[in-house]
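Asker:
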């Protein structure tokens, strides 16, 4: 069956983070369409409206779940969620206050030195894997959009009913994620008891799909084979 595969990156990333996936899928005879929010480049939103004889797979990382259009979620046959959340802040009041304070500090620092904030964020994302500064890390930032989406994290919340209607959902979360805790991954899975599979990956952090591609692909293949 023809398959459309679409990927959505999270905050502070661009579509280039999915290039290893595009290469991997090309070896399988599949093409990966990569959305780009426009933090560093011109925005690119893949438009794919599947037909009845067409399978749609969505790969979403972190905030990318919230950037994915509802129309595509409605047509998805498999949704693969990496390191994401229904709402960003914890429910427990003490943890929520701490999370709100940290995000507020991040926004304040971003207004002063956005490049430094982004680099610190990337290092935290890749932990426990060492993050290496790329040669093009000085690319022009769309600071206004980056700040807008940081603010959106305070209030963004996903309509879980959309996810409940997807035939198969695979949730992969790094045990050492310092951006979105495993509790958030477990919470997401708990809202989808009938159609989701939740897996925690050891020695992986928030950048799980970019540091543990082979492990993630193996779980995706298994989920595709589950009837």
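Residue numbers (the working numbering): 38 to 264.
Note that beta-carbon positions come from the ideal geometry of N, C-alpha and C, so glycine has one too.
What you are looking at is a predicted structure, and each value in this text was computed from that prediction instead of being measured.
1) Residue 39: buried (16+ other C-beta within 10 angstroms of its C-beta) or exposed?
2) Which residues does DSSP pair with residue 271 in a beta bridge?
3) Pull up the distance between the alpha-carbon of residue 73 and that of residue 66, whole angstroms please.
4) Please give the ranges of any beta strand (DSSP E) in the segment 147-179, keeping only runs that are unbroken, at least 3 residues long and fully inside the region.
5) In chain order, what residues of the same chain have a beta carbon less than 7 Å from the beta carbon of residue 215, not counting five sequence neighbours either side?
6) Pick helix, strand or coil for residue 211, following the three-state DSSP scheme.
7) Just to confirm my understanding: we take residue 55, look at its own chain, exclude 5 residues before and 5 after, and list those with CB closer than 7 Å. What are they?
8) Grouping DSSP H, G and I as helix and E and B as strand, with all else coil, what is residue 190?
9) Could you tell me which of 126, 203, 230 and 82 sits nearest to residue 115, measuring between CA atoms?
10) Name the residue from 231, 119, 148 and 158 whose alpha carbon lies nearest to the alpha carbon of residue 237.
11) Let me know if residue 210 comes out buried or exposed under the rule of 16 or more other beta-carbons within 10 Å of its beta-carbon.
12) Less than 8 Å between the CB atoms is what I'm expecting for residue 101 and residue 76, so what's the real figure, rounded?
13) Measuring only the C-alpha atoms, how far is residue 222 from residue 140?
14) Straight-line CA distance for residue 258 to residue 123?
Answerer: The relevant details are as follows:
1) Looking up residue 39 in the chain shown gives position 2. Answer is exposed; the Cβ neighbour count stays below 16.
2) As displayed, the chain neither begins before 38 nor continues past 264, which places residue 271 out of reach and without an answer.
3) For the purposes of this step, residue 73 is identified with residue 36 of the chain shown, where counting begins at 1. For the purposes of this step, residue 66 is identified with residue 29 of the chain shown, where counting begins at 1. Taking the straight line from one Cα to the other gives about 23 Å.
4) none
5) The count along the chain shown starts at 1 and reaches residue 215 at position 178. Within the same chain, residue 215 has close Cβ partners 161, 164, 242 and 243.
6) Working through the chain shown from its first residue, we reach residue 211 at position 174. Of the three classes helix, strand and coil, the one that applies to residue 211 here is strand, per DSSP.
7) Mapped onto the chain shown, residue 55 falls at position 18. Only 44, 46, 69 and 71 meet the Cβ criterion.
8) Here residue 190 refers to the residue found at position 153 when the chain shown is read from its first residue. Here residue 190 sits in coil by DSSP.
9) If you number the chain shown from 1, residue 115 lands on position 78. For residue 115, the nearest C-alpha among the options comes from 203.
10) Taking the chain shown and counting its residues from 1, the one referred to as residue 237 is at position 200. Among 231, 119, 148 and 158, the Cα nearest to that of residue 237 is on 119.
11) Within the chain shown, numbered from 1, the residue matching residue 210 stands at position 173. Buried, by the Cβ-count rule.
12) Walking along the chain shown from the start, residue 101 turns up at place 64. Walking along the chain shown from the start, residue 76 turns up at place 39. No, residue 101 and residue 76 are not in contact; Cβ-Cβ is about 12 Å, not under 8 Å.
13) Numbered from its first residue, the chain shown carries residue 222 at position 185. Numbered from its first residue, the chain shown carries residue 140 at position 103. Going from the Cα of residue 222 to the Cα of residue 140 covers about 19 Å.
14) Working through the chain shown from its first residue, we reach residue 258 at position 221. Working through the chain shown from its first residue, we reach residue 123 at position 86. Computed Cα separation, rounded: 25 Å.
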